[in-house]
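>
Protein chains: 2
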Amino acid sequence: MSSHVRTVRPNQMVALMERAAHIKKMLEQGEKKPYKDVIDVCWGDPHGAGMKPLTFVRQVLAACIYPQLLDGGNLPMDVKRRAQKLLRWCDGGSVGSYTNTGGILEIVENLAQFISQRDGVPAHPENIWIHPGSQTSLTSILTLLLSSEATPKRGVLVPVPGHSTVPLSVAALGGVAAPYFLDEERGWELRADELRRALASARGVCRPVALYVINPGNPTGHVQSRKSMEEVIRFVAENNLFLLADEVYQGSVYDANSEFVSYKKRLYELGPPLAHTLELASFHSASKGLLGECGLRGGYVELLNMDPVVMPYVERLFHLIPSPPVTGQIALELMVEPPQPGDPSYPLYMHETEHTRRTLVDNVKRVLQVLNRLPAISCQPVRGGAFAFPRLHLTTKAIRKAKDAGMQPDMFYCTKLLEDTGVFVSPGCEYGQKEGTYHIRFCIMTPTDTMEELLRRLSAFHLKFMKDLS
Amino acid sequence: MSSHVRTVRPNQMVALMERAAHIKKMLEQGEKKPYKDVIDVCWGDPHGAGMKPLTFVRQVLAACIYPQLLDGGNLPMDVKRRAQKLLRWCDGGSVGSYTNTGGILEIVENLAQFISQRDGVPAHPENIWIHPGSQTSLTSILTLLLSSEATPKRGVLVPVPGHSTVPLSVAALGGVAAPYFLDEERGWELRADELRRALASARGVCRPVALYVINPGNPTGHVQSRKSMEEVIRFVAENNLFLLADEVYQGSVYDANSEFVSYKKRLYELGPPLAHTLELASFHSASKGLLGECGLRGGYVELLNMDPVVMPYVERLFHLIPSPPVTGQIALELMVEPPQPGDPSYPLYMHETEHTRRTLVDNVKRVLQVLNRLPAISCQPVRGGAFAFPRLHLTTKAIRKAKDAGMQPDMFYCTKLLEDTGVFVSPGCEYGQKEGTYHIRFCIMTPTDTMEELLRRLSAFHLKFMKDLS
Ligand SMILES: Cc1ncc(COP(=O)(O)O)c(C=O)c1O
Ligand SMILES: Cc1ncc(COP(=O)(O)O)c(C=O)c1O
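Taken in sequence, the protein lines are chains F and X.
Its first residue numbered 1, the first sequence is counted upward by one per residue in UniProt numbering.
Its first residue numbered 1, the second sequence is counted upward by one per residue in UniProt numbering.
Right, dumping it as structure tokens:
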């Protein structure tokens, strides 16, 4: 067995997930609890949390899967036209065919056009690869960057708190995930001085080769400013790092004063030589934003300024990844080519997307209102992303109680919250956090009613928990 | 960059694929050629080669994707019931939700039941993981078995000729793919003495840890006998190897005197101690057989007799693989739980599957008839799988011509065949072959007309090629 596999740490979440699944099952079987259902807001999974898929997306997909639907009169004309076009791009006119390993060419071309329009900077299909979700894109780029047998080990600077996939994959690939801490007091800002500290400290144990940033942030909800992005870019360039920009939440900005700017766009604003030299991989996905199609598995990576010597190896490596699921590829296509004014599907599409946008903005407002009025819990502004990440100010007694139970304090809180109220959130220890601080993370992409019920249960539990363990 | 990535060989096929795509495009744009279309039988991709998806499978999938279809009167009752059941298994009732990393629990349980019934031996859901295609299952098991920094390097014995994914992945993971040759003259039999020779020879360059077998064979079309399987099992046990049994073509046996027997079943027939000790991974997929749903990406691995010390690492590693696409998981479920007598969908399902079965049996018969009557080409019986793999008896002149063009002789043949006739097949050099022998591989899962047209074009080309270069 590979020694790196041995270093993959046990997933602490598994026990909590199994507990949640068990409670759901018991409730379904009619067992009585003080609550009627589990509110599952543990993941960034909008449909799982009760959001509805977009009708246009599902109609096109259904017609591609079962083209007999094109004959009937039940689907709008633009849906039919779109499905017919997509089927022409599939070998044998079937979504059941393998595609190019990097995705259907026409869809890759449309992704390039979407990126060009977003950034006002050309994007080239040769630099874009579709994978079964952006997580696979991330892992495969890490495979390229890391070399298990290198001495000293290769390192990747990762945000703390941050989405846990990258640190876990880095470890599994024999590299070192070196933490840089985000500044909670300043709304989880990424600070350049902290990057410098983290790099210096990482150099003691590894040779850092890349910086991983998540913008908008998971779990933090922070959206980076242009100034902060410039600092990151200059830091990356000065230290000869590779920039991994996880931009899967680019469609999810809730704060009127915040704006998503891609790293590629920011880089071009700064102009040459940076714009033509900084090695960048940017990731996006159909799992997030308005589509929320996590289960279809469609994500992509765009590479920029890759060493031309390395590009052929990238291509060879990517040829080893099986072709991505066609339904996930179609979801990406529909994400970047939504219905246009005048199309029969346009009014419903606008209605649904506006409704979702308003719901999320309202949810975020309510979360902050409710939580920041409670004692011993505080939440930074949620400007984007899919999560709130409030801090728990736990008592010494609560912390001791958790230790007695053999758990991290916030894992203890989450476990009790789940057992007592059916609210399923994840603990800050899953994402890393400054020592002695504790958090919970929950998805804010839920229907209004679900969010109100969640806040009601959470508030009542929190007050009781704090009182019992004061 | 990881040094293993550097060893990944350039995919020779890419140039040929690009050429085929270019010719298709030119034909679509109305360019005149001596043929009206490209017959693409290069991959094991039934829909790409013109086979039709099963109506039942596509109806259930469409209803899961767009549940409004459940309200209308257009879908059979059993399709609706099945879709409703499947949606209950999805978080939030949507195929857009993430699932367990190893797949939806209920589907995994049904896979276990399918395996139990197939083998008459219990199968346990804890040992089964769904992935985005069996290729991902294969690669992740290889990740477990191989250790890039081990000295001597770890090795996997692989069949020659054989499906190229495994040798490529082994190399990318820093291991050694050590060839054992299948015996063409005996219908591509796997011979125990050759396994022993291959192992001894491999020990000169690596420490072999696993044996990879493909049954029914790709590209060979061979179906192993019980006797041959017993020899393999004893060889694996004696030499403390791990057995990787690629059984994705288990639903594809055409020869009335051949039968698919799983390695697990054969192992249990041999009884303890073998049955309780031999470490086995068996792979299956929705891409092949009667479904042929390659594009949906659903495959699984079942593990048997894994060292209990290793199992937790397997679980941790598999938790790093993102959850498989829900549509692919549904395809697997429908593969193992087809309509039953009495269900409204049963008659059409039987009609379609019987038609496919008959078509494939006829295709195989015609391929052998036609090819084995031609000079300088000979094809072993195709008892199962998705391919014919005839041998080309090339002239010295043809071989020299190929060398002048900087190509392997059979790649030269395939390139000319594509250019001159639009028939897109792959060369034997992609799969490995005994030195000085040359082959082509093509998919036999096509409609009858396509196969007749293919054989017509191939025969005419072959005769001319041999004459011109005699
Ligand atoms: C920051 C971040 N990146 C990547 C992913 C993976 O998304 P995908 O579904 O495209 O693999 C997630 C999923 O939650 C995420 O939060
Ligand atoms: C022998 C063999 N194993 C595995 C696979 C991969 O199948 P999947 O589509 O399930 O990844 C193939 C595909 O052609 C194959 O021929």
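Ideal Cβ positions, reconstructed from N, Cα and C, are used throughout, including at glycine.
Being a predicted model, the structure only gives us computed values, none of them experimental.
#1: Rounded C-beta distance between Thr446 (chain F) and Met51 (chain F)? I'm assuming under 8 Å.
#2: Does DSSP classify His131 (chain F) as helix, strand or coil?
#3: Under 7 Å Cβ-Cβ, which residues of chain F neighbour Ala49 (chain X)?
#4: Please report whether the beta-carbon of Asp71 (chain F) lies at a distance below 8 Å from any beta-carbon of chain X.
#5: Helix or strand or just coil, what does DSSP make of His284 (chain F)?
#6: In chain order, what residues of the same chain lie with their CB nearer than 6 Å to the CB of Thr395 (chain X), ignoring the 5 residues before and after it?
#7: What do you reckon, are the CB atoms on Ala63 (chain F) and Lys80 (chain F) nearer than 8 Å?
#8: For the segment 24-58 of chain F, enumerate the residues whose C-beta is nearer than 7 Å to any C-beta of chain X, in chain order.
#9: Which residues in the same chain have their Cβ closer than 7 Å to the Cβ of Val121 (chain X), if we skip the five residues on either side of it in sequence?
#10: Run through DSSP, which three-state label would Ala83 (chain F) get?
#11: Does the Cβ of Asn215 (chain F) lie closer than 7 Å to at least one heavy atom of ligand 1?
#12: With DSSP as the reference, identify every bridge partner of Val176 (chain X), one or two as the case may be.
#13: In chain B, which residues lie with their C-beta within 7 Å of the C-beta of Tyr98 (chain X)?
#14: Please determine, among F:Ala178, F:Val205, F:Tyr249, F:Cys206, the residue with the shortest C-alpha to C-alpha distance to Glu194 (chain F).
#15: Report the residues of the segment 114-127 of chain X with a CB closer than 9 Å to any CB of chain F, ordered along the chain.
#16: For Arg135 (chain X) and chain F, any beta-carbon pair shorter than 8 Å?
#17: Name the chain X residues that come within less than 9 Å of Asn74 (chain F), Cβ to Cβ?
#18: Note down, in chain order, each residue of its chain lying with its Cβ closer than 6 Å to the Cβ of Asp45 (chain X), except the 5 sequence neighbours on either side.
#19: Where do the ends of the beta strand (DSSP E) carrying Ile444 (chain F) lie?
#20: Decide if the segment 334-352 of chain F is in contact with the segment 301-310 of chain F; the criterion is three or more beta carbon pairs, one per stretch, under 8 Å apart.
#21: Apart from the five residues just before and just after Ser134 (chain X), which ones in its own chain have a Cβ nearer than 6 Å to its Cβ?
#22: So Cys206 (chain F) and Pro152 (chain F) are supposed to be a Cβ contact under 8 Å. How far apart are they, rounded?
#23: Flag this pair as yes or no: are the beta carbons of Leu334 (chain F) and Val57 (chain F) separated by less than 8 Å?
#24: Check whether the Cβ of Asp71 (chain X) lies closer than 7 Å to any heavy atom of ligand 1, and answer yes or no.
#25: May I have the straight-line CA-CA distance separating Glu279 (chain F) from Ala171 (chain X), to the nearest angstrom?
#26: Roughly how many angstroms lie between the CA atoms of Met1 (chain F) and Pro322 (chain X), to the nearest whole one?
#27: Which residues, in order along the segment 319-335 of chain F, keep a beta-carbon less than 8 Å from a beta-carbon of chain X?
#28: Candidates F:Thr99, F:Asp40, F:Ala402, F:Ala200: which alpha carbon is nearest Leu157 (chain F)'s?
#29: If contact means a Cβ-Cβ distance below 9 Å, which residues of the segment 156-185 of chain F contact chain X?
#30: Going by CA-CA distance only, name the one from F:Leu211, F:Gly187, F:Arg197 that's closest to Val176 (chain F).
#31: Classify Pro67 (chain X) as buried or exposed, calling it buried when 16 or more other Cβ atoms lie within 10 Å of its own Cβ.
#32: With 8 Å set as the bound, which would you pick, yes or no: does the beta-carbon of residue 544 (chain F) sit closer than that to a beta-carbon of chain X?
#33: Taking CB distances under 8 Å as the criterion, tell me whether Glu149 (chain X) reaches chain F.
#34: Identify each residue in the segment 413-441 of chain F for which the Cβ-Cβ distance to at least one residue of chain X is less than 8 Å, and report them in chain order.
#35: Taking 8 Å as the CB-CB limit, is Phe61 (chain F) close to chain X?
#36: Can you tell me whether Val310 (chain X) is helix, strand or coil according to DSSP?
So, to answer that:
#1: 7 Å
#2: strand
#3: Gly92
#4: no
#5: strand
#6: Setting aside the 5 residues that flank it on each side, Thr395 (chain X) is surrounded in the same chain by Leu469, Ser470, each with a C-beta closer than 6 Å to its C-beta; the list follows chain order.
#7: yes
#8: Asp40, Trp43, Asp45, His47, Gly48, Ala49, Gly50, Pro53, Arg58
#9: Lys264, Lys265, Tyr268
#10: helix
#11: no
#12: DSSP lists X:Gly155 as the beta-bridge partner residues of Val176 (chain X).
#13: Annotation note: the requested chain B is absent from the structure, which comprises protein chains F and X.
#14: F:Ala178
#15: none
#16: A small correction: the amino acid at residue 135 (chain X) is Gln; Arg does not occupy that position in the sequence shown. Interface residue, yes.
#17: Gln68, Leu69, Gly72, Asn74
#18: Cys294
#19: It is not in any beta strand (DSSP E) - Ile444 (chain F) carries neither H nor E in the DSSP assignment.
#20: no
#21: Val248, Phe283, Ser285, Gly299
#22: 5 Å
#23: In this structure, Leu334 (chain F) lies near Val57 (chain F), with their beta-carbon atoms less than 8 Å apart.
#24: no
#25: 27 Å
#26: Its pLDDT being 47, under 50, Met1 (chain F) is placed unreliably in this model, and the coordinates cannot settle the point.
#27: His319, Leu320, Pro322, Ser323, Pro324, Pro325, Val326, Thr327, Gly328
#28: F:Ala200
#29: Thr165, Leu168, Ser169, Ala172, Leu173, Gly174
#30: F:Leu211
#31: buried
#32: Residue numbering for chain F in the displayed model covers 1 to 470; residue 544 (chain F) lies beyond these limits and cannot be assessed.
#33: It does: the Cβ of Glu149 (chain X) has a partner Cβ on chain F nearer than 8 Å.
#34: none
#35: The amino acid at residue 61 (chain F) is misidentified as Phe; the sequence shows Leu. Chain X contact via Cβ: present.
#36: coil
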